[in-house]
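Colleague:
Residue numbers (the working numbering): 2 to 65.
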């Protein structure tokens, strides 16, 4: 069984969830043009990917 820093990973999961909500809000907004939505969504998706990579790296390091 691997040892996981629960507080750290809960924070990262909250960060990912927050980014998903932000992405959803942007896509549902009438205040952004389609081009702006596309650019903002790409930035958020990159942030989500980077956050998940941090989680995966941390879990791999925990395994030893």
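Glycine included, C-beta positions come from ideal geometry on N, C-alpha and C.
Less than 8 Å separating the Cβ of residue 40 from some heavy atom of the ligand ATP?
Modeller: Questions concerning the ligand ATP fall outside what the structure shown contains, since it holds no ligand whatsoever.
Colleague: Taking only the alpha-carbon atoms, compute the straight-line gap between residue 37 and residue 58 and give it to the nearest angstrom.
Modeller: By one-based count along the chain shown, residue 37 stands at place 36. By one-based count along the chain shown, residue 58 stands at place 57. Using only the alpha carbons, I get a separation of about 32 Å.
Colleague: Residue 59 lies in the alpha helix (DSSP H); which residues open and close that run?
Modeller: Counted from its first residue, the chain shown places residue 59 at position 58. Start and end: 35-64.
Colleague: Within 10 angstroms of its Cβ, does residue 45 collect 16 or more other Cβ (buried), or is it exposed?
Modeller: On the chain shown, position 44 is the one that residue 45 refers to. Buried, since its Cβ has 16 or more Cβ neighbours within 10 Å.
Colleague: Taking residue 51 as the reference, give the member of 24, 61 and 17 with the closest Cα.
Modeller: Translated into the one-based positions of the chain shown, residue 51 becomes position 50. Of the candidates 24, 61 and 17, the one whose C-alpha sits nearest the C-alpha of residue 51 is 17.
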